[in-house]
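Protein chains: 4
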Amino acid sequence: MGSTPHTRRSDTRERIQRTALDLFVARGYEKTSLREIAEQLGVTKAALYYHFKTKEDILRAISDQVGGPVDELIDWGEAQPPTPETKRELLCRYSEKLRGAVPVFRILQENQASLRALDIGGRLRERVTRLSRLMRAGDEGLDAQVRFSSALFTVHFGALALDDVMGDPEEKRLATLAVALEVLGTAAAGR
Amino acid sequence: MGSTPHTRRSDTRERIQRTALDLFVARGYEKTSLREIAEQLGVTKAALYYHFKTKEDILRAISDQVGGPVDELIDWGEAQPPTPETKRELLCRYSEKLRGAVPVFRILQENQASLRALDIGGRLRERVTRLSRLMRAGDEGLDAQVRFSSALFTVHFGALALDDVMGDPEEKRLATLAVALEVLGTAAAGR
Amino acid sequence: MGSTPHTRRSDTRERIQRTALDLFVARGYEKTSLREIAEQLGVTKAALYYHFKTKEDILRAISDQVGGPVDELIDWGEAQPPTPETKRELLCRYSEKLRGAVPVFRILQENQASLRALDIGGRLRERVTRLSRLMRAGDEGLDAQVRFSSALFTVHFGALALDDVMGDPEEKRLATLAVALEVLGTAAAGR
Amino acid sequence: MGSTPHTRRSDTRERIQRTALDLFVARGYEKTSLREIAEQLGVTKAALYYHFKTKEDILRAISDQVGGPVDELIDWGEAQPPTPETKRELLCRYSEKLRGAVPVFRILQENQASLRALDIGGRLRERVTRLSRLMRAGDEGLDAQVRFSSALFTVHFGALALDDVMGDPEEKRLATLAVALEVLGTAAAGR
DNA sequence: CATGAATGAGAGTTCATTCAT
DNA sequence: CATGAATGAACTCTCATTCAT
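Chains as they are written, first to last, in my numbering: chain A, 1 to 191; chain B, 192 to 382; chain C, 383 to 573; chain D, 574 to 764.
Right, here's the structure in full:
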């Protein structure tokens, strides 16, 4: 009845991305070979190379799914005054970015060592640096710095750790965020 | 003339371990080849095989440097009553184990994806599970669980993140621990 | 409006040939991929296949730019009496064929090993054989044979070697030819 | 009887070199795959990599068989006064270097295009440049330059071309050299 | 005329591992 | 204790080529 008549145009690129994501999550970036990706997809290795220039390029495409949004968030943050309120807002928004992209964050997290040699690793590190600077702005004390890190760890790793635990995802996210804000709050309000 | 008569026993084994640790930290477990380790050490690959059965075995030896102590900690915890005090004590002791073994923890952390296929990964996961159970004992609420995770993240990742930041290590450790205890405290005391 | 009405016939075919020639000279036949040719031309690889059946076919088209003329020269030579004058004339005419087609000769020269497997290589070898026979006709002595070879080397490689040296091309060509004729002359006259 | 008791020590490196030489001559450098070399030798590809770092490295080892001697020759030449006699001597000695190493020179000659990208190509070009400078020293006229080139072509390509022609090799070499000296002689004596 | 998508074959290279000495 | 030599399996990547549209 006209449903997807011949949408074949080229969803292949996206299918590669999806399959690669699954395998990278399950077996790690290094341990996943292009042969595996191709086989699981029912195409040849060469087909992957038609759509992506290198293996790293596939990872990059996946990584960019979250890289872009997070960069926007940081840009926004750098345009705001460095008030406690801004910092709280940053945490909230970061938590939202995490939602729905957990597998991507997990790959970046668990393959950190492999990323180091790749330029993706550099970009990732840059983001962390900029985020750190943002949060520390205006208060360089050790206690404040620890609180910031702790709050960010809570949001970031909380999302990853609680992902495969039963319960309503949104409820878990809000609980996590609440604790993070509490940790941060003391420092930010403490001024 | 009496000091360390023949204590050489197996100098090489330890030198391999140290070199491997350095390289695993710098380039990652997968990306570090036995050739590199051997070259940096000035021996042949075959020599490594005299001291270790496989590459994984080298990693295992490194991992065991922290595995043992942490297992002891967990054993101790499971023998205690599940009071808030016990939980605080666990955090303190875990923080102490971290001190001085940061590179090893870093390897385990950053090569997680690679470890998954190895049995080291299994043991690691088991430790996390047991630790979780310990902390949650007596209070299964979502808020408490989040607080526990958050406190542990703070101690664990705080140690890794603050390692390459200037400042007195012990001071940083105590500040981190203080925040972690604060996060935990509310939940533990909330009973 | 009347000039070159539809003379476009096959502009692309020639552009492919020219681009391929440039790349074959610069990077060698084997090392030049169809992708490179296509990219430099702003078309797709598949487009090349519309105009040429295979990669070898492109090379053949280029090679034929000189193959035809040289074959004519040989045909002419075989129809002449084997006098010294004929041999001198052959050298002169070969020198003229070289002029303006240096890049093509250079490709054939520098990619000899690659050509061996191709049928172009066979044809090339055949030409050399026929030319040799022509020059040796009537005098099979070792000295004469060496002189012939030497004269031909002088004309052939002289054109290639002096190409990227400053100076008036025609002047260089004539100087080269003079030496070649001198070398040949003794033998031819020696009869 | 004591013949070659267990000379196994390691002639493999040399056997690889010999086999590679044969195949490079027969099929060209690019068209010869490491698989072929290994198969013909009855070892694995990996064994080749135990003895040589790259494919290029095998070629380099082969090329160095003539590279060293020729470099010595050039060094010698540069230490002499630029007299006609020196130039004649250079030709004679070059001719002697060629004798017995024809296959190596042939590889370098016929795979020129492939060598260009390799650093072997650079070294080769450098040798040619230095040799050219040597011969031209003291006389920069076009005629002299052409004569020098012609003489060198005669010796160099003569050796390659006459190799697979019947007749006593040494006799052929001397005949070739005689012609080369004659060509050169006029220029050198002409002063 | 030309493209987008894909393929099969094979390349060079690296790795962890083994074993006789 | 340690080495030199070798292997088998796998890897990422490139190439010339095809074909439906």
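Glycine is no exception: its CB is placed at the ideal position from the N, C-alpha and C atoms.
Query: Looking only at its chain, what residues have a beta carbon closer than 7 Å to the beta carbon of Arg206/B, apart from the 5 residues adjacent to it on each side?; Result: Leu232
Query: Spatial neighbours of Glu460/C within its chain, please: C-beta separation below 7 Å, excluding the five flanking residues on both sides.; Result: Leu516
Query: Verify whether the separation of the beta carbon atoms of Asp248/B and Arg318/B is less than 8 Å.; Result: no
Query: Looking at chain D, is there any beta carbon in it that lies within less than 8 Å of the beta carbon of Arg518/C?; Result: no
Query: Can at least three beta-carbon pairs, one atom from the region 115-131 of chain A and one from the region 171-180 of chain A, be found at a separation below 8 Å?; Result: no
Query: Please say whether Val728/D and Ser668/D have beta carbons closer to each other than 8 Å?; Result: yes
Query: Under the assumption that Val561/C contacts Ser723/D (Cβ atoms under 8 Å), give the Cβ distance between them as a whole number of angstroms.; Result: 5 Å
Query: Considering only their Cβ atoms, is the gap separating Ala420/C from Ala429/C smaller than 8 Å?; Result: yes
Query: Out of Ser224/B, Thr223/B, Gly219/B, Leu250/B, which has the shortest C-alpha to C-alpha gap to Arg204/B?; Result: Leu250/B
Query: I want to verify the contact list: residues of chain C whose CB lies under 7 Å from the CB of Phe678/D, in sequence order.; Result: Per Cβ cutoff of 7 Å: no residues; Phe678/D is ~13 Å from chain C at best.
Query: Report the residue ranges of all alpha helix (DSSP H) runs contained in full by the region 580-660 of chain D; include only those spanning at least 4 residues, in chain order.; Result: 585-600, 607-614, 618-624, 628-652
Query: Do Val104/A and Leu160/A count as a contact pair if the criterion is CB distance below 8 Å?; Result: no
Query: Against chain D, does Gln462/C count as a neighbour if the rule is that its beta carbon must be under 8 Å from one of theirs?; Result: no
Query: Under 8 Å, Cβ to Cβ, is there at least one residue of chain D near Gln494/C?; Result: yes
Query: At 3 residues or longer, and completely inside the region 279-363 of chain B: list those beta strand (DSSP E) runs for me, N to C.; Result: none
Query: Could you compute how far the alpha carbon of Gln638/D sits from the alpha carbon of Thr605/D?; Result: 20 Å
Query: If I measure Cβ to Cβ from Ser114/A and keep anything under 6 Å in the same chain, skipping five residues before and after, which residues do I get?; Result: Tyr29, Glu30
Query: Could you tell me which chain B residues have their CB closer than 9 Å to the CB of Lys31/A, listed as they occur along the chain?; Result: Glu221, Ala304, Ser305, Arg307, Ala308
Query: With distance defined between alpha-carbon atoms, name the residue in Ala402/C, Phe535/C, Ile489/C, Pro551/C nearest to Gly449/C.; Result: Ile489/C
Query: Of all the residues that make up the region 355-376 of chain B, which are near chain A by a beta-carbon distance shorter than 9 Å?; Result: Val356, Gly358, Glu362, Lys363, Ala366, Thr367, Ala369, Val370, Ala371, Glu373, Val374
Query: Mark Lys278/B as exposed unless 16 or more other C-beta atoms lie within 10 angstroms of its C-beta, in which case mark it buried.; Result: buried
Query: Is there a Cβ from chain A that is less than 8 Å from the Cβ of Leu212/B?; Result: no
Query: On a Cα-Cα basis, can you pick out the residue from Gly520/C, Leu563/C, Met548/C, Leu534/C that is closest to Gly714/D?; Result: Met548/C
Query: Which residues, in chain order, does the region 121-153 of chain A contribute to contact with chain B at a C-beta distance below 7 Å?; Result: Leu142, Asp143, Val146, Arg147, Ser149, Ser150, Phe153
Query: Determine whether the Cβ of Arg573/C lies closer than 8 Å to any Cβ atom of chain D.; Result: With a pLDDT of only 39 at Arg573/C, under 50, the local geometry of the prediction cannot be trusted, and no value is derived from it.
Query: Can Gln682/D and Ala634/D be called in contact, C-beta distance under 8 Å?; Result: no
Query: What residues of chain D sit near Ala543/C, judged by a beta carbon separation below 7 Å?; Result: Ser722
Query: In or out: Gly540/C buried (at least 16 other Cβ within 10 Å) or exposed?; Result: buried
Query: Which residues in the same chain as Pro451/C place their Cβ atom closer than 7 Å to its Cβ, once the five residues preceding and following it in sequence are excluded?; Result: Lys479
Query: Phe157/A versus chain B: which residues are under 8 Å apart at the beta carbon?; Result: Ser340, Phe344, Phe348
Query: Cα separation between Asp736/D and Arg672/D?; Result: 10 Å
Query: Distance check for Pro654/D and Gly711/D, CA to CA, integer angstroms please.; Result: 10 Å
Query: Nearest by alpha-carbon distance to Ala211/B: which of Arg321/B, Lys246/B, Tyr241/B, Ser201/B is it?; Result: Lys246/B
Query: Below 8 Å on the Cβ atoms is my contact criterion, and I expect Leu368/B with Leu264/B to pass it. Report the Cβ-Cβ distance as a whole number of Å.; Result: No, Leu368/B and Leu264/B are not in contact; Cβ-Cβ is about 15 Å, not under 8 Å.
Query: Determine the burial state of Ala499/C: buried for a count of at least 16 other Cβ atoms within 10 Å of its Cβ, exposed for fewer.; Result: exposed
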